[in-house]
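Everything below concerns the one structure shown next.
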Amino acid sequence: MASSVEELRVALEREADELAQRREELETELAEVERQLEARRNAVAHLTVIRPLVAAVPRPRREPKSAPPAAAPDPAPAPEAAAETEPTTPAPRRRKAAPRAKAAAPAPAGPRRKPARAPKAGPPVPAAERRVRTHLRDEIAALLSASEQPMNVRRLTEALGEEPTKSRLESVRTSAEGLVKAGRAGKAGRGLFTAAG
1 MASSVEELRV
11 ALEREADELA
21 QRREELETEL
31 AEVERQLEAR
41 RNAVAHLTVI
51 RPLVAAVPRP
61 RREPKSAPPA
71 AAPDPAPAPE
81 AAAETEPTTP
91 APRRRKAAPR
101 AKAAAPAPAG
111 PRRKPARAPK
121 AGPPVPAAER
131 RVRTHLRDEI
141 AALLSASEQP
151 MNVRRLTEAL
161 GEEPTKSRLE
171 SVRTSAEGLV
181 KAGRAGKAGR
191 GLFTAAG
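Using full-length UniProt numbering, the first residue of the sequence shown is number 1, and each one after it goes up by one.
Here you go:
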């Protein structure tokens with residue numbers, strides 16, 4: 001009888017330990033869910049603030065497009081055309097122009113052609129990215145103007161409702177730096193961005 005009571009006690013202690021461990025796991029999981037919920041609520045709150053500002057942003061965007069029509073669209077279609085037809089005719093023409101400038105060493109010119117392709121293919125891509133990033137930059141500018149405090153890249157990314165992945169953080173940082181260069185935002189310290197003014 002005493003041995004069966006002892007076995008029951010040991011079994012109950014083991015179950016109690018397992019239940020305590022399970023409780024800790026659930027508490028950890030609950031804390032993570034609460035953190036994610038808070039991040040989503042913050043993103044919704046920021047987007048609620050941004051929405052009216054972003055809705056007003058396309059109007060100023062139309063003005064800059066109409067202001068430099070001769071400068072912006074002329075260079076922009078050429079890079080687009082080069083990007084579209086690059087595998088056929090325009091890309092080799094550009095490659096020939098680059099080796100002429102680097103004709104000092106004929107043997108390394110072959111390997112240099114490969115790097116020359118990347119930079120020449122690069123400018124059309126940023127032109128396309130600028131169009132996409134214009135919207136992102138407008139959203140970032142609206143966020144910064146709505147915020148009373150400087151914001152770092154992670155806060156900006158989360159306020160945009162994005163997951164703070166390495167590539168997304170870099171994209172937001174690059175766009176914010178572009179706003180600083182364009183005079184549409186300011187820096188309040190290393191990695192801290194504020195509204196222009």
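Cβ atoms here follow ideal geometry from the backbone N, Cα and C, with glycine treated the same way. The structure presented is a predicted model; accordingly, all values stated were derived computationally and were not measured.
Here S175 is buried. Its C-beta has 16 or more other C-beta atoms within 10 Å. Going by DSSP, L156 is part of the alpha helix (DSSP H) stretching over V153 to A159. Cβ atoms of P150 and A188 come within 8 Å of each other, at about 4 Å.
Inter-residue distance for V180 and K166 is about 21 Å (C-alpha atoms, whole angstroms).
One thing to note: A43 has its Cβ within 8 Å of the Cβ of E158. DSSP links K187 through a beta bridge to F193. Per DSSP, the continuous alpha helix (DSSP H) segment holding T174 begins and ends at K166 to A182. In the three-state reduction of the DSSP assignment, P52 falls in the helix class. Within the model, the alpha-carbon separation for A196 versus D17 is close to 58 Å. One thing to note: L143 has its Cβ within 8 Å of the Cβ of L156.
Here V5 is exposed: its Cβ has fewer than 16 other Cβ atoms, across all protein chains shown, within 10 Å.
Looking only at V153, E7 and V33, the smallest Cα-Cα distance to S171 is reached by V153.
Judged by beta-carbon spacing, E177 lies beyond the 8 Å limit of R168, meaning their Cβ atoms are not closer than that value. The three-state secondary structure of S147, taken from DSSP, is coil.
Cβ neighbours of E25 within its own chain (closer than 6 Å, five residues either side excluded): none.
Between the alpha carbons of E13 and R35 lies a gap of roughly 33 Å.
Per the C-alpha coordinates, the member of T194, G186, I140 and D138 positioned closest to E148 is T194. Shown here, E162 sits in coil according to DSSP, grouped into three states, outside any helix or strand.
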